[in-house]
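Top line first, the protein sequences correspond to chains A and B. The opening residue of the first sequence carries number 367 in this note's numbering; numbering runs sequentially from there. The opening residue of the second sequence carries number 367 in this note's numbering; numbering runs sequentially from there. Think of the CB as a built atom: it goes at the ideal place given N, C-alpha and C, for glycine as much as any other residue. Please read all numbers here as calculations on a predicted model, not as lab measurements.
2 protein chains.
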Amino acid sequence: MRDSYRHKLTEVVDDVLEMTRLVRTAVQRANTALLDADLAAAEAVISGDAVLDSWYDDLDARCLTLLARESPVAGELRTLTATVRMCADLARMGDLAVHVAKIARMRYPASAVPDTVRPNIERLCQIAEDIVGMALSALEQRDEFDARMMAEYHEEADALRAQQFDIILADDWPHGVQAAVDIALLGRYLERIADHAVLIGSRVIYIVTGLYPKGEQWTIA
Amino acid sequence: MRDSYRHKLTEVVDDVLEMTRLVRTAVQRANTALLDADLAAAEAVISGDAVLDSWYDDLDARCLTLLARESPVAGELRTLTATVRMCADLARMGDLAVHVAKIARMRYPASAVPDTVRPNIERLCQIAEDIVGMALSALEQRDEFDARMMAEYHEEADALRAQQFDIILADDWPHGVQAAVDIALLGRYLERIADHAVLIGSRVIYIVTGLYPKGEQWTIA
């Protein structure tokens with residue numbers, strides 16, 4: 367009985383890893399769609415989200431079932447409760463990547479990112495990808511990772527978001543209302559992707575140490 | 367033992383109800399802050415969110431503990447798994463109300479909602495409040511409620527969102543980039559509040575019937 371339970375728990379952990387890889391691919395493709403006006407990449411993200419949603423439904427049900435049927439304690443309890451929350455974060459990241467891709471698709475064949483704000487958005491896309499990559503490494507290695515670096519990335523993402531508003535609300539913004547609205551929404555989606563990736567990092571720390579990180583970098587609602 | 371468990375489960379259900387009331391108040395106050403340029407209402411929402419976050423952390427932990435320790439089955443299992451998800455939706459609604467309040471506060475003493483788009487935003491605020499109220503009634507009565515009415519409200523919210531873009535991206539939009547960006551973000555926040563409220567409604571149907579509603583009105587990622 368316990369062997370079967372242990373096996374199911376291992377499968378859950380492996381599948382969360384795989385879901386994280388799928389989400390990282392979605393985020394990378396969304397960024398490509400956006401920065402390169404790549405329609406195929408956009409369509410791949412949009413059509414691939416149904417798969418991510420079913421991964422989420424499946425993993426969520428399996429975790430809650432294991433919780434209810436196996437009365438796990440200690441490390442396994444932490445793993446399961448943290449995994450339930452992680453899957454929700456991963457599903458939201460997939461949805462946010464779709465929102466990014468849809469804006470890219472709407473503006474095709476033009477780019478949704480005007481030159482004046484391109485360096486900012488490029489950097490925010492890179493941060494989002496890097497943070498997701500850090501979350502994936504943390505999950506793969508199941509070891510305390512450099513949470514401080516993740517927090518620094520997140521602060522930089524916040525600063526880029528503030529800078530976006532300075533750029534689009536400046537008197538000399540030449541690209542019109544639609545482009546400004548696109549950037550306001552894109553910036554929010556990319557910032558939220560980074561938020562969720564940082565939360566996943568904190569869940570990994572919790573699994574490993576039993577403690578959630580404290581401090582202002584971590585208290586993301 | 368089982369009496370204590372039954373008691374804890376009842377307390378969880380009562381507390382989810384109370385958290386839903388708190389979130390409804392936050393949404394109502396955020397709308398007041400926005401539509402009436404009411405600074406005190408905005409500040410109340412913003413400062414009150416920490417309380418909502420701690421309600422969420424507490425309820426989430428209690429549900430997962432009951433799941434792990436009591437091996438619930440049937441109706442109680444459904445109640446607990448649905449409640450875990452509901453609390454996450456409620457916490458997000460609180461955060462979204464804060465985002466609405468912060469935009470209202472930023473533009474004070476002016477209103478963040480120009481006249482040309484005011485009927486639209488007023489209606490979307492009302493829908494958000496009404497849908498949250500329907501979710502609260504559904505939770506209070508623990509009975510199958512009129513899911514179709516909730517779905518119609520949600521469709522109307524989607525239509526209002528589309529109309530917002532028509533208004534702010536029109537050639538004759540006279541209010542400038544900042545106001546357009548505000549409306550784009552506000553519309554998203556209010557739409558997401560409605561999304562989460564509909565999800566809560568679907569959780570209630572699941573608790574009562576054991577089934578999640580199907581159909582395009584319900585498959586919100």
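Query raised in the report: Mapping DSSP to helix, strand and coil, what is B/Trp539?
Result: B/Trp539 falls in the coil class under three-state DSSP.
Report task. Show which residues of chain B have a CB atom less than 8 angstroms away from the CB atom of A/Pro480. Result -> Result: empty, since nearest Cβ-Cβ is about 13 angstroms, beyond 8 angstroms.
Report task. Assuming A/Arg484 contacts A/Arg569 (C-beta within less than 8 angstroms), just tell me the rounded distance between them. Result -> The Cβ separation is near 33 angstroms, so there is no contact.
Query raised in the report: Who are the neighbours of B/Val543 on chain A, taking C-beta pairs under 7 angstroms?
Result: Result: Ile534, Leu535, Trp539, Val543, Ala546.
Query raised in the report: What is the DSSP secondary structure of A/Ala476, counted as helix, strand or coil?
Result: Looking at A/Ala476 - three-state DSSP - the assignment turns out to be coil, as it is neither helix nor strand.
Query raised in the report: Which of the three DSSP states, helix, strand or coil, is assigned to A/Val439?
Result: Three-state DSSP puts A/Val439 in coil, outside helix and strand.
**Report entry** Span of the alpha helix (DSSP H), counted from its first residue to its last, around A/Leu526
**Finding:** For A/Leu526, the enclosing alpha helix (DSSP H) starts and ends at 513–534.
Requested in this report: Compile a chain-ordered list of the residues in the stretch 419–441 of chain B whose CB is closer than 7 angstroms to at least one CB of chain A.
Outcome: Taking 7 angstroms as the Cβ-Cβ cut-off against chain A, the residues of the stretch 419–441 of chain B that qualify are Asp419, Leu430, Leu433, Ala434, Arg435, Ser437, Pro438.
**Report entry** Local Cβ density within 10 Å of A/Met500, reported as buried at 16 or more and exposed below that
**Finding:** Its Cβ being crowded by 16 or more others within 10 Å, A/Met500 is buried.
Query raised in the report: Assuming A/Arg387 contacts A/Leu502 under a Cβ cut-off of 8 angstroms, what Cβ separation, rounded to an integer in Å, is found between them?
Result: Yes, A/Arg387 and A/Leu502 are in contact; Cβ-Cβ is about 6 angstroms, under 8 angstroms.
**Report entry** Contacts of A/Thr386 in chain B (Cβ-Cβ under 7 angstroms)
**Finding:** Residues of chain B passing the Cβ test: none, with the nearest at roughly 17 angstroms.
Query raised in the report: Since A/Thr447 meets chain B, which of its residues come closer than 7 angstroms, beta carbon to beta carbon?
Result: In chain order: Leu430.
Requested in this report: Would you list, in chain order, the members of the stretch 554–565 of chain B that have their beta-carbon closer than 8 angstroms to a beta-carbon of chain A?
Outcome: Cβ contacts with chain A come from Arg554.
Query raised in the report: With DSSP run on the structure shown, which of helix, strand or coil describes A/Arg508?
Result: Of the three classes helix, strand and coil, the one that applies to A/Arg508 here is coil, per DSSP.
Query raised in the report: By Cβ distance, which residues of its chain are closer than 7 angstroms to A/Gly576, with the 5 residues on each side in sequence left out?
Result: Within the same chain, Cβ atoms closer than 7 angstroms to the Cβ of A/Gly576 are found at Arg444, the five residues on either side in sequence being excluded.
Query raised in the report: Applying a beta-carbon distance threshold of less than 7 angstroms, which residues of chain B neighbour A/Leu443?
Result: In chain order: Ala434.
Report task. Step through the CB atoms of chain A and report whether any lies within less than 8 angstroms of the CB of B/Ala528. Result -> No, B/Ala528 lies away from the interface with chain A (no Cβ there is under 8 angstroms from its Cβ).
Requested in this report: Could you have a look at B/Asp402 and say whether DSSP puts it in helix, strand or coil?
Outcome: Reduced to three states, the DSSP call for B/Asp402 is coil.
Report task. Return yes when the Cβ of A/Ala550 is within less than 8 angstroms of the Cβ of A/Trp539, no when it is not. Result -> No. Outside cutoff.
Query raised in the report: Any chance the CB of A/Arg554 is under 7 angstroms from a heavy atom of the ligand ADP?
Result: The ligand ADP is not part of the structure shown, which contains no ligands of any sort.
Query - B/Gln583 to B/His520 span [Cα, whole Å] - result: Low local confidence applies: a pLDDT of 34 at B/Gln583 is under 50, so the model's placement there is unreliable, with the coordinate-based value given in what follows. Distance between the alpha carbons of B/Gln583 and B/His520 is about 8 angstroms.
Query - Within chain B, partners of A/Leu551 - CB distance below 8 angstroms - result: By Cβ distance, chain B contributes Ala550, Leu551, Arg554.
Query raised in the report: Would a check of beta-carbon distances place B/Ala525 closer than 8 angstroms to chain A?
Result: Not one chain A Cβ lies under 8 angstroms of B/Ala525.
Query raised in the report: Does DSSP put B/Cys576 in a helix, a strand or coil?
Result: Reading off the sequence, residue 576 of chain B comes out as Gly, not Cys. In the structure shown, B/Gly576 sits in coil (DSSP, three-state: anything other than H, G, I, E or B).
Report task. Could you check which residue in B/Phe531, B/Asp512, B/Arg558 has the C-alpha nearest to that of B/Gly567? Result -> Closest option to B/Gly567, Cα to Cα, is B/Asp512.
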